[in-house]
Structure formats: C-alpha cells, structure tokens
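Quick notes on the structure that follows.
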Amino acid sequence: ILNVEQSPQSLHVQEGDSTNFTCSFPSSNFYALHWYRWETAKSPEALFVMTLNGDEKKKGRISATLNTKEGYSYLYIKGSQPEDSATYLCAVNDYKLSFGAGTTVTVRA
Amino acid sequence: NAGVTQTPKFQVLKTGQSMTLQCAQDMNHNSMYWYRQDPGMGLRLIYYSASEGTTDKGEVPNGYNVSRLNKREFSLRLESAAPSQTSVYFCASSEEYRNTEAFFGQGTRLTVV
Numbered sequence: 011i012l013n014v015e016q017s018p019q020s021l022h023v024q025e026g027d028s029t030n031f032t033c034s035f036p037s038s039n040f041y042a043l044h045w046y047r048w049e050t051a052k053s054p055e056a057l058f059v060m061t062l063n064g065d066e067k068k069k070g071r072i073s074a075t076l077n078t079k080e081g082y083s084y085l086y087i088k089g090s091q092p093e094d095s096a097t098y099l100c101a102v103n104d105y106k107l108s109f110g111a112g113t114t115v116t117v118r119a
Numbered sequence: 025n026a027g028v029t030q031t032p033k034f035q036v037l038k039t040g041q042s043m044t045l046q047c048a049q050d051m052n053h054n055s056m057y058w059y060r061q062d063p064g065m066g067l068r069l070i071y072y073s074a075s076e077g078t079t080d081k082g083e084v085p086n087g088y089n090v091s092r093l094n095k096r097e098f099s100l101r102l103e104s105a106a107p108s109q110t111s112v113y114f115c116a117s118s119e120e121y122r123n124t125e126a127f128f129g130q131g132t133r134l135t136v137v
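Laid out in structure tokens, this is it:
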C-alpha cells in the first residue's frame with residue numbers, strides 16, 4: 011500500500027487570496043499522480059492526472075506540478091473563490107489507486 | 025449518461041446481517057475499485073479489480089468479499105456486518121489500472137447497528 015500524505019489537513023483562505031498545498035508519495039513504483047476535487051455531499055471528480063517529472067497542468071484558476079524524483083506534487087488555487095471550497099484529494103497509481111487523506115479548503119467571503 | 029451507478033444509496037443493517045453493494049459502470053472501463061470513507065481518513069481501498077477476471081485486496085479488505093461479475097459490474101459483499109463497517113462506500117472505475125482518471129459513484133451510506 012502506497013503511503014500518500016497530504017498537508018495541511020485543512021486551511022482557510024480569504025476570498026481573492028491564492029493558496030497551495032502538498033501531496034507527498036514514495037517515488038519508487040510510480041505510474042501517475044492524480045488530483046481530485048470533492049465537494050460535500052458529492053462524489054470526487056478528477057482535476058488532473060500527471061505522469062512525468064516536471065509535469066504542470068492547469069484548469070482555470072487551479073494548477074498542479076509534479077516532482078517524481080523527490081516524490082511530491084503541489085496544487086495551487088489562484089484568486090480563491092467560495093466555490094473552491096472543497097476537499098482536494100491526491101492519489102497515486104501503482105497497480106491500484108491509493109489516496110491521501112485530503113486537504114479541506116474553506117474560502118471565506 | 026449514467027457513468028458509475030451504485031445501489032443502494034442508504035442502508036441500515038443489524039450486526040451479523042449480510043448484504044451486497046452493487047456497482048455498475050457503462051464506460052467500458054477495465055478497472056474498478058471499492059473504497060470506504062471515514063471521517064479524517066480520506067478514501068481507503070477495500071478491493072480492486074485491475075481487469076475483468078481479476079480481483080485483489082486493498083488496504084482494508086477484512087470483512088469484505090468482492091465479485092467482478094463481468095466487465096460492467098463489481099459487487100462488494102459484507103458477510104457478517106459489524107459496527108466498524110459503518111461508513112460511506114464508494115465504487116469507482118477507470119479505463120486502465122494506471123494513468124487514467126477514476127470516475128466515482130454517488131456513494132452508499134451504510135450504518136450497522
């Protein structure tokens with residue numbers, strides 16, 4: 011079982027501010043790093059799947075980077091809005107998909 | 025465009041009862057997963073099926089069994105429910121077991137009393 015760690019566990023950010031948080035994982039046996047957005051009372055939805063060291067992906071105001079050599083990924087939210095409030099999960103593929111515990115983001119208006 | 029469908033959405037069981045959670049996907053995906061979600065613990069993998077005809081244990085398989093009935097369907101069975109199995113269960117599928125995003129069902133909220 012892959013040990014996927016996310017930090018911080020939760021954070022509060024003022025509307026309009028930018029924020030970022032971390033996912034760390036064992037760098038061996040790595041196939042892909044996933045980010046999911048999980049809103050309350052809904053199911054997780056994929057944001058990004060990244061496979062290569064140095065990958066950077068962007069969707070609107072949300073972006074992610076990947077460092078497979080040192081085993082971490084950052085997720086960035088630029089100009090946070092209340093609708094960005096959610097739990098952000100990262101997951102790592104080897105033969106299965108193993109998730110971290112998530113970072114819960116609360117954006118205050 | 026159903027995606028991943030789980031049934032039931034809610035269930036209350038008495039300790040010792042058995043039940044099967046059903047999951048079906050209509051995206052022709054090869055890989056399917058069962059997770060449980062408990063407060064503060066994210067999603068923990070119970071069992072997975074990398075492809076039709078194969079199943080493997082995940083992080084927390086004790087007390088559960090699975091069947092990959094065909095490419096579409098992956099069921100999770102609790103043979104003798106325990107209060108520790110009170111949780112929200114999610115089924116997910118992906119095109120392949122690596123490098124492709126997972127799609128989730130709506131979840132089953134199970135309470136064992």
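Protein chains in written order, with the numbering used here: chain A, 11 to 119; chain B, 25 to 137. Each residue gets a CB set at the ideal place from its N, CA and C atoms; glycine is no exception.
Query	Result
Go through the region 61 to 113 of chain B residue by residue and report every complete run of the alpha helix (DSSP H) that reaches 4 residues or more, in order.	none
Classify Pro63(B): buried if its beta carbon has 16 or more other beta carbons within 10 angstroms, exposed otherwise.	exposed
In chain order, what residues of the same chain have a beta carbon less than 6 Å from the beta carbon of Arg124(B), not counting five sequence neighbours either side?	Residue identity check: residue 124(B) is Thr in the sequence provided, not Arg. Closer than 6 Å at the Cβ level, and outside the excluded window around Thr124(B), lie Ser118.
Using the C-alpha atoms, what's the distance from Ser99(B) back to Arg92(B)?	7 Å
Would Asn39(A) count as contacting chain B if we go by Cβ distances under 8 Å?	no
Kindly list the residues whose CB is nearer than 6 Å to the CB of Asn103(A), restricted to its own chain and excluding five residues on each side of it in sequence; keep chain order.	Tyr41 and Ala42
Any idea which residues DSSP pairs Thr116(A) with across the strands?	His22(A)
Terminal residues of the continuous beta strand (DSSP E) containing Ala51(A)?	Where Ala51(A) is concerned, there is no enclosing beta strand (DSSP E), given that its DSSP letter is neither H nor E.
Would you call Leu62(A) buried or exposed, if buried means 16 or more other Cβ atoms sit within 10 Å of its Cβ?	exposed
Can you pull the chain B neighbours of Asn103(A), defined as C-beta to C-beta under 7 Å?	Arg122 and Asn123
Indicate whether at least one CB of chain B lies closer than 8 Å to the CB of Lys88(A).	no
Which chain A residues sit within Cβ distance under 7 Å of Gln130(B)?	Ser53
Look up Glu66(A) in the DSSP assignment and say whether it is helix, strand or coil.	strand
Would DSSP call Glu93(A) helix, strand or coil?	helix
Going by the CB atoms, is the gap between Ser42(B) and Arg101(B) shorter than 8 Å?	yes
State buried or exposed for Thr114(A), treating a residue as buried only when at least 16 other CB atoms are found within 10 Å of its CB.	buried
Just checking Tyr84(A) against the ligand HEM - is the residue's beta carbon closer than 7 Å to any of the ligand's heavy atoms?	This structure simply doesn't include the ligand HEM, nor any ligand for that matter.
Measuring only between beta-carbons, confirm whether Thr75(A) sits less than 8 Å from chain B.	no
Evaluate the contact criterion for the region 104 to 121 of chain B versus the region 50 to 61 of chain B: three or more CB pairs, one atom per stretch, below 8 Å.	yes
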